[in-house]
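Before any comments, here is the structure.
There are 2 protein chains.
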Amino acid sequence: MRIAIVGAGSIGLLWASRLSRLPYEVTVLTHTAAQHKKIVQAGISCEELDGQVVHTNVTSCPIEETSELSPFDIIFITVKQYQLQNVMEPIQRCSHPFTQILFWQNGLGQEKAIDELHYRPDTYVALTTEGAYRKSDTYVVHTGQGETWIGTFPHQGEWKPLLQDFVKAIQPIVISPIRKESMILRRMWEKLAVNAAINPLTTILEVPNGELLSVDLENIMEKLTGETCQVANRIGVELDHSRAIKKIREVCNLTSQNLSSMLQDIQGGKRTEIDSINGAIIQYAKEHNVPVYWHEMLYTLVKAKEAHNKRNTNTL
Amino acid sequence: MRIAIVGAGSIGLLWASRLSRLPYEVTVLTHTAAQHKKIVQAGISCEELDGQVVHTNVTSCPIEETSELSPFDIIFITVKQYQLQNVMEPIQRCSHPFTQILFWQNGLGQEKAIDELHYRPDTYVALTTEGAYRKSDTYVVHTGQGETWIGTFPHQGEWKPLLQDFVKAIQPIVISPIRKESMILRRMWEKLAVNAAINPLTTILEVPNGELLSVDLENIMEKLTGETCQVANRIGVELDHSRAIKKIREVCNLTSQNLSSMLQDIQGGKRTEIDSINGAIIQYAKEHNVPVYWHEMLYTLVKAKEAHNKRNTNTL
């Protein structure tokens, strides 16, 4: 079975390393030719939770040159939401009608990318809370055990046998459970509600996640989440306010010392995922005439911070 | 004529230096005994716009010990809005029924302080755009020429002859015009509208004033100012939205390299004036049932930043 992993960030490298331990043909499709070369030369090193480093070799190809490849049976897309539009055409070229495509993004917006596939292979969303950190272009650290949910998306349906067998086959190499989720859209919104509160607030205030509990921000989080639930409910997703708030508190507590990915992006001078998180909520809200003041405000502040950072980086 | 200046910050020291160049009896009422001693020992040095340093001596007294003093004819109150409540009783003790009291605060809230005076001396609000910077407890730098408006407050009325004569007499020592303002409340709200937009945004983003124009924040400033105008109009102050926005842009342009006082306070680990600026607007809004989402959000974020700073300072 031929498997492709599109994107070689932390999650992409983690899966590349895991799958290459089984007798699969794993190809990593990289954004740049430079990273492709490094992966070919050095292989992938994965530092496991127990500190052990596992080294494996994988095939690799720059995403621009996939037209020569024969189609893949399973494709993991692990690029960021805002990079999706750039990879859909190459993915189209190397998939066949029964390819199983799994989207591993944060936030919302995958349905737009899926719309760009001419014929519709079977598509899924995978949500994961596993922690991984990319130390270099070929070295990834598995930093925390989590859970993974997979569900058909954008249409509700059953897993195809190919995916069913695949997930069963990879059990020996994953330590974190992979669950089938029939209500993946609701779970996406739950994750969105958490990210839409924690990410922008920690980014604007430049504080670790736990600080959101000790300062007087619970009020804002309540109001933000109220808006998120209103938008979700308007588009037919049952998102419960108090359950979402409980989840947010839980994540702040469990990751109290961590810097959110958005804050890390800002500090690293990178583009954040605000557009597919709060930006996506604002987009749905506009389409359904729901007022979302708090999301708009945080969105604008994070965008301003991004722009300021970019200008400062450019003038260095 | 006996003049008191309450508070020896930048504006207090600037006025103490100026007035002590005329044959007035000037007394600076200090917050601490330590600053009182320094002023007695060293006098006040004022670095003028042309770089010249003028040295003068003034009388001084800690604010706690004013009960022994005979009453003053004119009192400048230059402490911050949130310190007003601590100084009203001592001021009461050293004023007589015809004392002319001038409040030099940013923001709103003076009427509460004035309410605490048992009998009502003549009270005024002075608004100034002059720039001053306190280099040490006894050294002040006049950093920019501005304008000063004085009007009776909280009740609309005429200047009393004593103040009239006084302002005429001090003309030779001020280079910035002092204007009589019959609509001081409206001017206070105009200044408030400017501060309520520039101060919290620059503080949250940690950028100089000019950055508010180059990033996509004009939208937030429009909405914030819309709320400010609504609240002002509801309490009977005619505040024009487009005029306020024009003023905000003008200030951002003229002071583009400057850090707002609120950002300076945050960076110095000090308490900000958010309560008497956005906090005051929120207070009036509550009393008149006007929704002020944008002010609430910025207020909470600045408060969170203040609290975070305080915790960090305490743990150092």
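Residue numbers (the numbering used here), protein chains in the order written: chain A, 416 to 731; chain B, 416 to 731.
Built from N, CA and C at the ideal position, the CB exists for glycine as well.
Length of the line joining the Cα atoms of residue i and residue j
i                : j                : result
Val630 (chain A) : His723 (chain B) : 7 angstroms
Gly572 (chain A) : Gly641 (chain A) : 29 angstroms
Trp574 (chain B) : Ile516 (chain B) : 11 angstroms
Leu628 (chain A) : Ala611 (chain B) : 26 angstroms
Ile552 (chain A) : Ile489 (chain A) : Checking the displayed sequence, the identity of residue 552 (chain A) turns out to be Asp instead of Ile. In a straight line, the C-alpha of Asp552 (chain A) is about 23 angstroms away from that of Ile489 (chain A).
Asp655 (chain B) : Cys644 (chain B) : 7 angstroms
Ile613 (chain A) : Glu665 (chain A) : 11 angstroms
Glu526 (chain B) : Thr670 (chain A) : 46 angstroms
Pro569 (chain B) : Ile660 (chain A) : 45 angstroms
Ser475 (chain A) : Ile619 (chain A) : 38 angstroms
Cys461 (chain B) : Ala431 (chain B) : 9 angstroms
Lys718 (chain B) : Asn704 (chain B) : 23 angstroms
Ala695 (chain B) : Ala647 (chain B) : 11 angstroms
Met416 (chain B) : Glu440 (chain B) : 6 angstroms
Arg601 (chain A) : Ile650 (chain A) : 11 angstroms
Ile459 (chain A) : Glu702 (chain A) : 44 angstroms
Thr447 (chain A) : Glu688 (chain A) : 21 angstroms
Pro477 (chain A) : Asn668 (chain B) : 47 angstroms
Gln500 (chain B) : Gln682 (chain A) : 41 angstroms
Gly566 (chain B) : Ile492 (chain B) : 15 angstroms
Met598 (chain A) : Leu523 (chain B) : 52 angstroms
Val443 (chain B) : Asn521 (chain B) : 20 angstroms
Residue i burial status per 10 Å Cβ neighbour count (16 or more: buried)
i                : result
Arg433 (chain B) : buried
Ile692 (chain B) : buried
Pro536 (chain A) : buried
His557 (chain B) : buried
Ser425 (chain B) : buried
Ser676 (chain A) : buried
Thr538 (chain A) : buried
Pro505 (chain A) : buried
Tyr580 (chain A) : Residue 580 (chain A) is actually Asp in this sequence, not Tyr. With fewer than 16 other Cβ atoms within 10 Å, it is exposed.
His451 (chain A) : buried
Ser485 (chain B) : exposed
Phe513 (chain B) : exposed
Val494 (chain B) : buried
Val540 (chain A) : buried
Asn624 (chain B) : buried
Gly427 (chain B) : buried
Collapsed DSSP secondary structure at residue i in the structure displayed
i                : result
Phe568 (chain A) : coil
Tyr539 (chain A) : strand
Ile663 (chain A) : helix
Tyr699 (chain A) : helix
Leu734 (chain B) : Not covered by the structure: residue 734 (chain B). The range shown for chain B is 416 to 731.
Leu731 (chain A) : With a pLDDT of only 45 at Leu731 (chain A), under the threshold of 50, the placement of this residue in the model should not be trusted; the figure read from the coordinates follows. Here Leu731 (chain A) sits in coil by DSSP.
Asp655 (chain B) : coil
His533 (chain A) : coil
Glu605 (chain B) : helix
Met712 (chain A) : helix
Gly561 (chain B) : coil
His451 (chain B) : helix
Under 7 angstroms from the C-beta of residue i: neighbouring residues of chain A
i                : result
Trp430 (chain B) : Result: empty, since nearest Cβ-Cβ is about 37 angstroms, beyond 7 angstroms.
Closer than 8 angstroms at the beta carbon, the chain B residues around residue i
i                : result
Ile635 (chain A) : Met712, Thr715 and Leu716
CA nearest to the CA of residue i, picked from the options
i                : options                                   : result
Ile590 (chain B) : B:Thr442, B:Thr543 and B:Glu531           : B:Thr543
Val741 (chain A) : A:Val622, A:Glu621 and A:Leu639           : Because residue 741 (chain A) is not part of the residues shown, which for chain A are 416 to 731, the question remains open.
Glu711 (chain A) : A:Phe491, A:Asp690, A:His703 and A:Lys725 : A:Asp690
Arg726 (chain A) : A:Lys606, A:His703 and A:Gly684           : A:Gly684
Ile593 (chain B) : B:Val555, B:Ser482 and B:Val582           : B:Val582
Leu616 (chain B) : A:Val441, A:Thr715 and A:Ala695           : A:Thr715
Gly546 (chain B) : B:Val705, B:Leu674 and B:Lys720           : B:Leu674
Tyr708 (chain A) : A:Asp680, A:Met636, A:Gln679 and A:Ile650 : A:Met636
Ala449 (chain A) : A:Lys495, A:Leu578 and A:Glu479           : A:Glu479
Trp604 (chain B) : B:Glu463, B:Arg508 and B:Tyr699           : B:Tyr699
Glu721 (chain B) : B:Leu678, B:Ile697, B:Pro706 and B:Glu702 : B:Leu678
Gln456 (chain B) : B:His470, B:Ile585 and B:Glu463           : B:His470
Ala584 (chain A) : A:Gln467, A:Arg686 and A:Leu437           : A:Leu437
Ser482 (chain B) : B:Ile529, B:His511 and B:Lys595           : B:His511
Val652 (chain A) : A:Gln672, A:Cys509 and A:Lys606           : A:Lys606
Contact set between residue i and chain A, taken where Cβ atoms lie within less than 8 angstroms
i                : result
Tyr497 (chain B) : Ordered by position in chain A, no residue passes the 8 angstroms Cβ test against Tyr497 (chain B), which lies about 17 angstroms from the chain.
Trp709 (chain B) : Tyr708 and Met712
His723 (chain B) : Leu620, Val622, Glu626 and Val630
Chain B contact residues for residue i, given Cβ-Cβ distances below 7 angstroms
i                : result
Leu628 (chain A) : Residues of chain B passing the Cβ test: none, with the nearest at roughly 11 angstroms.
Ala719 (chain A) : Leu620, Val630, Asp631 and Leu632
Residue i: CB within 7 angstroms of a non-hydrogen atom of the ligand ADP
i                : result
Leu716 (chain A) : The ligand ADP is absent from the structure shown, which contains no ligand whatsoever.
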